[in-house]
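Visitor: First the structure, then my questions, so here it is.
In mature numbering (1 follows the signal peptide of the UniProt record, and there is no 0), the protein residues as written are -28 to -1, 1 to 148.
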């Protein structure tokens, strides 16, 4: 027995499927980044729905952020513990390549912009032999500026003139 609401329900399902299909992206994915360890790569921008509607997206940080100052501290002859102190625990520590530590970093901003970097440290006899990557890394202050500018309502940085020393406390008479 055919219900009189069946054609209406079918029409609504087709309309809903068409509306949801419109939410998907028809943009071709970006080409994969070359296997190049030259530093930071920035790609992608998000598209909006109907040209003006943008869903809220959070910033997602994954991996180890390695700054230009951190890489500058590395030099041949450092031990694994010294490298771990400077850069942190490696994100990738492959058991088949035990003489290589990889520090990958990925920041996917809510705007769709993606920043990636990779630094690889190679060891020989448990001492640093050489470091790949890290030529174009941001400094720590550049990275903090990037993070602060992304947040709405971020507090402005304080200058030296904004910081005032606290007034010395008067001695209390209770101690005498």
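Every residue gets a Cβ at the ideal spot worked out from N, C-alpha and C, and that includes glycine.
Just the Cα atoms here: how many angstroms apart are residue 29 and residue 120?
Guide: One-based indexing of the chain shown puts residue 29 at position 57. One-based indexing of the chain shown puts residue 120 at position 148. Their backbone Cα atoms lie some 16 Å apart in a straight line.
Visitor: Whole angstroms is fine: what's the gap from residue 49's alpha carbon to residue 111's?
Guide: Against the chain shown, residue 49 aligns to sequence position 77. Against the chain shown, residue 111 aligns to sequence position 139. Their Cα atoms are separated by approximately 24 Å.
Visitor: Mind pulling the alpha helix (DSSP H) runs of 4 or more residues that sit fully within the segment 81 to 129?
Guide: Counting whole runs of 4 or more residues, the segment 81 to 129 contains the alpha helix (DSSP H) stretches 112 to 122.
Visitor: Tell me the residue span of the beta strand (DSSP E) that contains residue 34.
Guide: Here residue 34 refers to the residue found at position 62 of the chain shown. Run containing residue 34: 32 to 35, per the beta strand (DSSP E) assignment.
Visitor: Give me the Cβ distance between residue 74 and residue 92, rounded to the nearest whole Å; I'm assuming they're in contact under 8 Å.
Guide: For the purposes of this step, residue 74 is taken as residue 102 along the chain shown, with counting starting at 1. For the purposes of this step, residue 92 is taken as residue 120 along the chain shown, with counting starting at 1. Confirmed, Cβ separation roughly 5 Å.
Visitor: Just curious, the alpha helix (DSSP H) that residue 40 is in, first and last residue?
Guide: Within the chain shown, the letter at position 68 stands for residue 40. Per DSSP, residue 40 belongs to the alpha helix (DSSP H) from 40 to 44.
Visitor: Pick from 69, 33, 40, 38: whose alpha carbon is nearest that of residue 94?
Guide: Position 122 of the chain shown, counting from 1, holds the residue named residue 94. With distances taken between Cα atoms, residue 94 lies closest to 69.
Visitor: I'd like to confirm the pairing. Which residues does DSSP put opposite residue 75 in its beta bridges?
Guide: The residue you call residue 75 lines up with position 103 of the chain shown. Paired residue(s): 91.
Visitor: Figure out for me which residue from 42, 55, 35 has the closest Cα to the Cα of residue 64.
Guide: For the purposes of this step, residue 64 is identified with residue 92 of the chain shown, where counting begins at 1. The option with the nearest alpha carbon to residue 64 is 35.
Visitor: Just the C-alpha distance for residue 158 and residue 87, rounded to the nearest angstrom, thanks.
Guide: The chain is shown only over -28 to 148; residue 158 falls outside these bounds and no answer can be derived.
Visitor: With residue 66 as the anchor, note down where its alpha helix (DSSP H) starts and where it stops.
Guide: Taking the chain shown and counting its residues from 1, one reaches residue 66 at position 94. Per DSSP, residue 66 belongs to no alpha helix (DSSP H) and is neither H nor E.
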